[in-house]
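In the order they appear, the protein sequences are chains V and C.
Counting in our numbering, the final residue of the first sequence is number 504, and the numbers go up one at a time with none missing.
Counting in our numbering, the final residue of the second sequence is number 659, and the numbers go up one at a time with none missing.
The block underneath contains the structure these notes are about, expressed in structure tokens.
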Amino acid sequence: MIDTWNLLLGGFATALQPMNLMWAFIGCALGTAIGVLPGIGPALTVAMLLPVTAKVDPAGALIMLCGVYYGAAYGGSTTSILMNTPGESSSIMTALEGNAMAKNGRAGPALATAAIGSFIAGTIGVILLTLFAPLVADLALKFGPAEFFSLMVLAFVTVSSVLGASMLRGMVSLAMGLAIGLVGMDSIAGIPRYTAGVPELIDGIEFVLVAVGLFAVGEALYSVLYDPKGEDATRNKLTSIMMTKEDWKRSWPAWLRGTAIGFPFGSVPAGGAEIPTFLSYSAERKLSKYPKEFSGEGGKGAIEGVAGPEAANNATAAGALVPLLTLGIPTSATAAILIAAFQNYNIQPGPLLFQTSGPLVWGLIASLYVGNVMLLVLNLPLVGLWARLLTIPKPQLYAGILVFASIGVYGMRQSAFDLVLMYVIGVIGVIMRRFDFPVAPVIVGMILGPMSEKQLRNALSIAQGDWLIFFKQPIAGTFMVATIAVMFVPILLRKRGVRLSEDD
Amino acid sequence: MQKRWQIGIAVFVLMLATVFGVGASQLQSDPGYAGIGAAFVPAVVSIFLGIVGALLLWQAVTGGYRNFTDDLIGVATDNWGALWVTGGILLMAALITKIGFVLAATVLFTFVARGFGSKSWLRDAITGAFLVFPVFWLFTLVLDVNLPRLFSGWL
Chain V
1 MIDTWNLLLG
11 GFATALQPMN
21 LMWAFIGCAL
31 GTAIGVLPGI
41 GPALTVAMLL
51 PVTAKVDPAG
61 ALIMLCGVYY
71 GAAYGGSTTS
81 ILMNTPGESS
91 SIMTALEGNA
101 MAKNGRAGPA
111 LATAAIGSFI
121 AGTIGVILLT
131 LFAPLVADLA
141 LKFGPAEFFS
151 LMVLAFVTVS
161 SVLGASMLRG
171 MVSLAMGLAI
181 GLVGMDSIAG
191 IPRYTAGVPE
201 LIDGIEFVLV
211 AVGLFAVGEA
221 LYSVLYDPKG
231 EDATRNKLTS
241 IMMTKEDWKR
251 SWPAWLRGTA
261 IGFPFGSVPA
271 GGAEIPTFLS
281 YSAERKLSKY
291 PKEFSGEGGK
301 GAIEGVAGPE
311 AANNATAAGA
321 LVPLLTLGIP
331 TSATAAILIA
341 AFQNYNIQPG
351 PLLFQTSGPL
361 VWGLIASLYV
371 GNVMLLVLNL
381 PLVGLWARLL
391 TIPKPQLYAG
401 ILVFASIGVY
411 GMRQSAFDLV
421 LMYVIGVIGV
431 IMRRFDFPVA
441 PVIVGMILGP
451 MSEKQLRNAL
461 SIAQGDWLIF
471 FKQPIAGTFM
481 VATIAVMFVP
491 ILLRKRGVRL
501 SEDD
Chain C
505 MQKRWQIGIA
515 VFVLMLATVF
525 GVGASQLQSD
535 PGYAGIGAAF
545 VPAVVSIFLG
555 IVGALLLWQA
565 VTGGYRNFTD
575 DLIGVATDNW
585 GALWVTGGIL
595 LMAALITKIG
605 FVLAATVLFT
615 FVARGFGSKS
625 WLRDAITGAF
635 LVFPVFWLFT
645 LVLDVNLPRL
655 FSGWL
């Protein structure tokens with residue numbers, strides 16, 4: 001335990017270097033700004049910024065990207081409260097209660113409870129990350145290929161079946177992602193696969209290209225096709241952000257409950273901040289002394305209904321870093337893109353990360369503490385500034401997004417062909433969105449597919465081709481049983497009337 | 505229309521399954537100790553694609569995709585807008601090595617803004633250039649990303 005704190009202190013020495021502070025600040029500011037913009041999620045932001053960081057040193061780049069990841073979770077709440085247009089599905093609950101409060105002249109306290117709740121949940125989340133990540137990494141050091149493979153299968157299945165309205169369409173997305181991941185050199189025998197003789201394809205299909213195509217171009221084309229003028233969302237007036245004594249008293253327990261619900265959900269490979277925010281909201285509604293105030297009862301909006309889900313959302317974001325850093329397993333599209341960022345620097349997240357790149361990881365964790373403080377400072381006093389971003393007209397907004405997307409894609413390989421490929425993937429993205437195919441499984445499948453193939457073949461080599469190895473070993477067997485159980489979750493949820501849609 | 509699209513997507517997935525299946529059968533692979541070689545996972549993925557494609561096709565012909573409500577019935581699509589956006593991206597791809605990044609990206613900006621209903625060409629072109637210039641300098645001078653230029657030097 002003393003060790004952990006010493007390592008963390010060392011991390012602070014890295015995180016508090018002026019350059020790294022600057023990267024954290026840029027990341028938080030960009031993340032918040034982009035999180036505020038309606039319709040643009042953290043996955044897209046991180047994907048677009050990946051090429052920008054190519055020349056920055058690894059610690060600085062990862063600190064900035066994690067700032068973006070956190071910042072985007074903060075920024076989304078501003079839009080939801082003021083305009084009732086949640087940027088990602090994890091802010092739907094915030095939009096529901098927060099917008100009701102804003103309509104009744106309490107936008108300020110709603111924004112304040114969201115920001116402070118995010119700070120508290122984020123900070124508790126990072127403390128838990130600090131405590132648990134080394135333990136999980138130690139445990140994972142005992143994992144062999146069989147355990148990793150079965151854990152990855154669990155991640156595949158949860159990401160594609162739990163998110164999204166239909167398990168089948170999630171599986172279609174996953175299959176497409178796995179297929180894209182197959183293109184290129186096979187990692188064990190070095191045989192080129194599905195390259196059709198094109199030399200550029202031996203390295204595989206660029207990950208950023210697919211992410212930017214699906215998210216940025218897909219979003220722009222979808223928006224221009226079906227919603228060119230934008231909904232006339234009315235903006236609520238910003239009021240003083242001061243919370244009354246009563247507001248504080250009602251927010252506190254909700255923040256803590258939201259954190260308690262969010263963190264565990266983030267840290268298991270289940271993906272998505274949506275289920276924990278839903279759970280937190282219904283818990284607050286059941287426990288509240290003022291059930292009549294909830295917008296579902298026609299009330300003026302209850303502050304607990306904003307405080308809880310916002311805390312849950314941010315605690316989930318912190319929790320998701322546990323499997324990401326210790327196991328190398330992404331549980332959402334954003335996490336998958338962060339893994340790609342690590343790989344750009346030849347750093348493989350996983351149990352060995354804490355040993356091979358200790359200073360970097362601890363610097364990153366320390367910067368999350370710093371980032372949380374920065375985000376609170378950025379969000380409370382500057383909320384008026386962020387709200388002004390909502391007035392950028394749609395034509396210029398999307399034009400700007402596409403300019404940034406094309407720089408990122410072109411800058412990677414200096415290939416104009418990649419721009420055409422980005423467009424084609426964007427068209428596929430529109431069709432997927434139109435027919436409600438989730439996008440995250442494509443990204444997760446593409447990153448996790450080749451990794452799991454490697455583990456599968458190594459596991460079978462060790463076991464001399466005995467497939468029962470995945471069930472004979474207790475840990476691997478447990479994951480396999482959990483995988484089968486997870487497939488029934490959507491059916492159970494649907495029976496209880498919960499309809500899910502995709503996050504990110 | 506709806507139904508045709510849904511069937512089309514399922515057929516596309518099935519075609520993909522076939523292509524990947526044929527590709528897998530042509531891969532030469534040495535099973536080694538594992539008992540599976542480089543062709544194994546591709547074969548599994550193609551079978552997986554085939555199964556989900558077939559299920560999707562079955563859903564499409566028997567009443568449409570499940571748990572899918574089309575919120576866009578009756579919504580007019582703005583095909584012209586999409587054409588402008590498409591044109592902007594493809595034009596940028598065609599022109600970037602000829603007229604340099606700054607001008608190509610300005611063209612993209614102007615076209616996309618037009619697609620979303622902006623009426624003023626000139627204002628968009630100027631806004632676009634003002635956005636693109638600092639970004640170009642940031643990338644080429646600070647971040648050392650090589651972007652094509654119109655002339656050697658600052659543009």
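Built from N, CA and C at the ideal position, the CB exists for glycine as well.
| Exposed or buried, Asp504/V, counting other C-beta atoms within 10 Å across all chains shown (16 or more means buried)? | Position 504 of the first sequence, counting from 1, holds the residue named residue 504/V. Summary for Asp504/V: the model assigns pLDDT 42, below 50, so the residue's position carries little reliability, and this model does not support an answer.
| Would you say Phe263/V reaches chain C, if we count a Cβ-Cβ gap shorter than 8 Å as a contact? | By one-based count along the first sequence, residue 263/V stands at place 263. No, Phe263/V does not count as interfacial toward chain C.
| request: State yes or no: is the C-beta of Ile120/V within less than 8 Å of the C-beta of Ala311/V? | output: Numbered from its first residue, the first sequence carries residue 120/V at position 120. Numbered from its first residue, the first sequence carries residue 311/V at position 311. Cβ distance < 8 Å, so Ile120/V and Ala311/V count as in contact.
| field | For Asn6/V, the first and last residue of its enclosing alpha helix (DSSP H) | value | As a first step, residue 6/V must be located in the first sequence, where it is residue number 6. 2-15 is the span of the alpha helix (DSSP H), which, as asked, contains Asn6/V.
| Do the stretch 68-83 of chain V and the stretch 276-295 of chain V touch if we need at least three Cβ pairs shorter than 8 Å? | no
| task | Let me know the secondary structure DSSP gives Met243/V once reduced to three states. | result | In the first sequence, residue 243/V corresponds to position 243, counting from 1. In the structure shown, Met243/V sits in coil (DSSP, three-state: anything other than H, G, I, E or B).
| message | I need the straight-line Cα distance from Gly204/V to Asp247/V, nearest angstrom please. | response | Here residue 204/V corresponds to residue number 204 of the first sequence, with the count starting at 1. Here residue 247/V corresponds to residue number 247 of the first sequence, with the count starting at 1. Spanning the two alpha carbons is a distance of roughly 53 Å.
| Which of the residues in the stretch 626-646 of chain C, read from start to end, lie with their CB under 9 Å from any CB of chain V? | Those residues of the stretch 626-646 of chain C that come within reach of chain V (Cβ to Cβ, closer than 9 Å) are Asp628, Thr631, Gly632, Leu635, Val636, Val639, Phe640, Leu642, Phe643, Val646.
| Can you find a CB in chain V that lies within less than 8 Å of the CB of Thr566/C? | Numbered from 1 along the second sequence, position 62 holds the residue referred to as residue 566/C. No, its Cβ sits nowhere closer than 8 Å to a Cβ of chain V.
| What does DSSP give as the partner residues of Met185/V in its beta bridges? | To locate residue 185/V, count along the first sequence from 1; it is residue 185. Answer by DSSP bridge pairing, in chain order: Pro192/V.
| task | Would you check if there are 3 or more beta carbon pairs closer than 8 Å linking the stretch 353-369 of chain V to the stretch 107-127 of chain V? | result | By the Cβ criterion, the stretch 353-369 of chain V is in contact with the stretch 107-127 of chain V, since at least three pairs of Cβ atoms, one from each stretch, lie closer than 8 Å.
| message | Taking 8 Å as the threshold (C-beta atoms), are Ala387/V and Thr78/V in contact? | response | For this step, residue 78/V is matched to residue 78 along the first sequence. For this step, residue 387/V is matched to residue 387 along the first sequence. Closer than 8 Å, so yes.
| said: Can you check whether the C-beta of Met596/C is within less than 8 Å of a C-beta belonging to chain V? | reply: In the second sequence, counting from the first residue as 1, residue 596/C sits at position 92. Met596/C counts as touching chain V.
| said: Which residues in chain V have a C-beta closer than 7 Å to the C-beta of Leu660/C? List them in chain order. | reply: Nothing can be reported for residue 660/C: it is not among the residues displayed for chain C, which extend from 505 to 659.
| task | Return helix, strand or coil for Thr32/V, following the three-state DSSP convention. | result | Within the first sequence, the letter at position 32 stands for residue 32/V. DSSP places Thr32/V in helix when its eight states are reduced to three.
| field | Where Pro18/V falls: helix, strand or coil (DSSP) | value | Position 18 of the first sequence holds residue 18/V. In the three-state reduction of the DSSP assignment, Pro18/V falls in the helix class, which pools H, G and I.
| request: Scan the stretch 530-542 of chain C for residues whose Cβ lies nearer than 9 Å to a Cβ of chain V and list them as they occur along the chain. | output: Leu531, Gln532, Ser533, Asp534, Pro535, Gly536, Tyr537, Ala538, Gly539, Ile540, Gly541, Ala542
| Host alpha helix (DSSP H) of Pro109/V (start-end) | Numbered from its first residue, the first sequence carries residue 109/V at position 109. Its alpha helix (DSSP H) spans residues 107-140.
| query | Ala189/V versus chain C: which residues are under 9 Å apart at the beta carbon? | reply | As a first step, residue 189/V is located in the first sequence; it is residue number 189 there, counting from the start. Correct list: Ser533, Asp534, Gly536, Gly541, Ala542.
| request: Measuring alpha carbon to alpha carbon, tell me which of Lys623/C, Gln563/C, Phe552/C ends up nearest Trp509/C. | output: By one-based count along the second sequence, residue 509/C stands at place 5. From the listed residues Lys623/C, Gln563/C, Phe552/C, the smallest Cα separation to Trp509/C is found for Gln563/C.
| Name the chain V residues whose beta carbon is nearer than 9 Å to that of Ile600/C? | Residue 600/C sits at position 96 when you count from the first residue of the second sequence. Within chain V, the residues near Ile600/C are Ser406, Tyr410, Ala416, Leu419.
| field | Distance between beta carbons of Ala220/V and Ile401/V, contact taken as under 8 Å | value | Taking the first sequence and counting its residues from 1, one reaches residue 401/V at position 401. Taking the first sequence and counting its residues from 1, one reaches residue 220/V at position 220. Contact flag correct, Cβ pair sits at about 6 Å.
| Which value, in whole angstroms, describes the spacing of the CA atoms of Trp583/C and Ile329/V? | Along the second sequence, one-based indexing puts residue 583/C at 79. Along the first sequence, one-based indexing puts residue 329/V at 329. Residue 583/C is actually Asn in this sequence, not Trp. Near 40 Å, if we compare the C-alpha coordinates of Ile329/V and Asn583/C.
| task | For Leu225/V, I'd like the list of residues in its chain whose CB is within less than 8 Å of its CB, leaving aside the five on either flank, ordered along the chain. | result | Translated into positions along the first sequence, residue 225/V becomes position 225. Same-chain partners within the cutoff: Val430.
| said: Against chain V, with Cβ distances strictly below 8 Å, would Ile511/C count as a contact? | reply: Taking the second sequence and counting its residues from 1, one reaches residue 511/C at position 7. By this cut-off, Ile511/C is not an interface position.
| In chain order, what residues of the same chain have a beta carbon less than 7 Å from the beta carbon of Gly512/C, not counting five sequence neighbours either side? | Position 8 of the second sequence, counted from the start, is the residue given in the question as residue 512/C. Take Gly512/C, set aside five residues on each side of it, and no residue of its chain has a beta-carbon closer than 7 Å to its own.
| Under the three-state DSSP convention, the category Asp436/V falls into | Within the first sequence, residue 436/V is the residue found at index 436, counting from 1. Residue state, collapsed to three classes: coil.
| Glu304/V - DSSP class collapsed to helix/strand/coil | For the purposes of this step, residue 304/V is identified with residue 304 of the first sequence, where counting begins at 1. Correct three-state label for Glu304/V: helix.
| field | Nearest-angstrom Cα separation, counted from Arg653/C out to Ala399/V | value | Numbered from 1 along the first sequence, position 399 holds the residue referred to as residue 399/V. Numbered from 1 along the second sequence, position 149 holds the residue referred to as residue 653/C. Answer to the nearest angstrom: the Cα atoms are 21 Å apart.
| query | Taking just the CA atoms, how far does Leu50/V sit from Ala341/V? | reply | By 1-based counting over the first sequence, the position of residue 341/V is 341. By 1-based counting over the first sequence, the position of residue 50/V is 50. Between Ala341/V and Leu50/V, the C-alpha separation is close to 7 Å.
| query | Would DSSP call Pro42/V helix, strand or coil? | reply | Along the first sequence, one-based indexing puts residue 42/V at 42. Helix.
| field | Simplified DSSP assignment, three categories, for Trp255/V | value | Stepping through the first sequence from its first residue, residue 255/V is reached at position 255. Helix, per DSSP.
| Going along the chain, which residues of its own chain have a beta-carbon closer than 6 Å to the beta-carbon of Val616/C, five neighbours each way excluded? | Taking the first residue of the second sequence as position 1, residue 616/C is located at position 112. Answer for Val616/C: Val589, Gly592, listed in chain order.
| task | Taking a Cβ distance cut-off of 8 Å, strictly less, list which residues of the stretch 201-220 of chain V are near chain C, in chain order. | result | Val217, Ala220
| request: In angstroms with no decimal places, state the Cα-to-Cα distance between Phe417/V and Gln473/V. | output: For the purposes of this step, residue 417/V is taken as residue 417 along the first sequence, with counting starting at 1. For the purposes of this step, residue 473/V is taken as residue 473 along the first sequence, with counting starting at 1. So the two alpha carbons sit approximately 47 Å from each other.
| said: Which residue wins for smallest C-alpha separation from Gly75/V, given the options Gly98/V, Pro441/V, Pro42/V? | reply: For the purposes of this step, residue 75/V is identified with residue 75 of the first sequence, where counting begins at 1. Closest by alpha carbon: Pro42/V.
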